[in-house]
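Chemist: So in my numbering, the last spot in the sequence shown is 135, and the numbers never skip.
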Amino acid sequence: MVAEDDVKQAELVRRYLEHEGHSVTVVGDGRAALEEVRHREPDLLVLDVMMPRTDGLDVVRILRAESREVPVLMLTARSTEDDLLLGLDLGADDYMTKPFSPRELMARVRTLLRRNRRSAGPAPTPGSGP
Numbered sequence: 006m007v008a009e010d011d012v013k014q015a016e017l018v019r020r021y022l023e024h025e026g027h028s029v030t031v032v033g034d035g036r037a038a039l040e041e042v043r044h045r046e047p048d049l050l051v052l053d054v055m056m057p058r059t060d061g062l063d064v065v066r067i068l069r070a071e072s073r074e075v076p077v078l079m080l081t082a083r084s085t086e087d088d089l090l091l092g093l094d095l096g097a098d099d100y101m102t103k104p105f106s107p108r109e110l111m112a113r114v115r116t117l118l119r120r121n122r123r124s125a126g127p128a129p130t131p132g133s134g135p
């Protein structure tokens with residue numbers, strides 16, 4: 006799943022993920038991201054920080070408070086060390102800044118999915134994805 010309020014950025018990330026064979030849901034604000042995670046339990050959440058209604062930091066804080074274990078990769082323009090540390094301390098599994106390398110993003114996605122599948126037990130059914 007991709008939670009990003011910038012339509013062009015969301016479309017770009019969606020295309021990269023779909024190119025690697027993932028089914029992708031895109032939402033444009035934090036509140037919608039929370040609702041989707043609660044109802045669909047995606048394999049991965051690519052999460053922007055600066056979004057309307059509920060920002061990405063609050064989204065990850067709420068998800069972890071609810072004991073939701075979906076891997077979260079924050080993809081954001083907020084690039085200071087304090088931003089990165091806050092995101093990771095709140096429960097994000099990885100943190101990338103914009104502009105970003107598509108190849109690096111996909112490598113990080115593969116790593117998070119691989120780690121999550123190992124900890125979850127048996128491999129998921131084909132066609133499942135972020």
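Ideal placement from N, C-alpha and C gives every residue a C-beta, glycine not left out. Note that the structure is predicted; figures quoted are calculated from it, not measured.
Looking at Arg73: is its Cβ nearer than 9 Å to the Cβ of Val29?
Modeler: no
Chemist: Nearest-angstrom Cα distance between Leu93 and Leu80?
Modeler: 12 Å
Chemist: Using the DSSP secondary-structure output, state which residues sit across from Tyr100 in a beta bridge.
Modeler: Met79, per the DSSP bridge assignment.
Chemist: What is the DSSP secondary structure of Leu52, counted as helix, strand or coil?
Modeler: strand
Chemist: Would you say Gln14 and Asp60 are within 9 Å of each other, going by their C-beta atoms?
Modeler: For Gln14 and Asp60, no; Cβs fall outside 9 Å.
Chemist: Among Glu25, Tyr21, Leu95, Val51, which one has its Cα closest to the Cα of Glu9?
Modeler: Val51
Chemist: Please name the residue in Arg123, Ser124, Arg120, Ala112 whose C-alpha comes closest to that of Glu25.
Modeler: Ranking Arg123, Ser124, Arg120, Ala112 by Cα distance to Glu25 puts Ala112 first.
Chemist: Report the rounded CA-to-CA distance for Val7 versus Arg36, giving the unit in angstroms.
Modeler: Between Val7 and Arg36, the C-alpha separation is close to 13 Å.
Chemist: Whole angstroms is fine: what's the gap from Met56's alpha carbon to Asp63's?
Modeler: 10 Å
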